[in-house]
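**Student:**
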Amino acid sequence: MDIKKTLLTQAMKLAQNPKVMEIAMNPKVMEVAMKAMAAKAEVTTAMHGATNSVARGLNLATRDEVKELRRTIRKLEDQLAASRAEAGEKP
6 MDIKKTLLTQ AMKLAQNPKV MEIAMNPKVM EVAMKAMAAK AEVTTAMHGA
56 TNSVARGLNL ATRDEVKELR RTIRKLEDQL AASRAEAGEK P
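In terms of our numbering, the sequence shown is residues 6 to 96.
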């Protein structure tokens with residue numbers, strides 16, 4: 006945690022440096038940064054797709070399927086609790 010705090014402090018100092026601000030505002034630097042972010046998103050999407058393909062091939066649940074199952078279970082538990090409460094209210 007201490008390392009994180011130190012890095013954050015140093016990053017803030019660096020961001021306030023006029024030379025760094027000048028470089029960051031350079032259109033070419035901004036374009037490269039945007040391309041890097043887009044590339045990261047593409048890699049993440051490709052990895053997600055590959056992981057899902059492998060999971061399906063091994064007959065495993067994907068992260069998205071597990072999320073959906075948890076949502077469904079939570080919804081059913083809420084409905085069951087409501088039904089039990091309603092039944093308890095009506096003798």
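Just so it is clear, CB atoms sit at the ideal spot from N, CA and C, and this is done for glycine as well.
List the endpoints of the continuous alpha helix (DSSP H) containing residue 38.
**Tutor:** On the sequence shown, position 33 is the one that residue 38 refers to. Element bounds for residue 38: 32–62.
**Student:** Who are the Cβ neighbours of residue 85 in its own chain at under 6 Å, not counting the five residues just before and after it?
**Tutor:** For the purposes of this step, residue 85 is identified with residue 80 of the sequence shown, where counting begins at 1. Within the same chain, residue 85 has no close Cβ partners at all.
**Student:** Distance, Cα to Cα, residue 89 vs residue 80?
**Tutor:** As a first step, residue 89 is located in the sequence shown; it is residue number 84 there, counting from the start. As a first step, residue 80 is located in the sequence shown; it is residue number 75 there, counting from the start. Spanning the two alpha carbons is a distance of roughly 14 Å.
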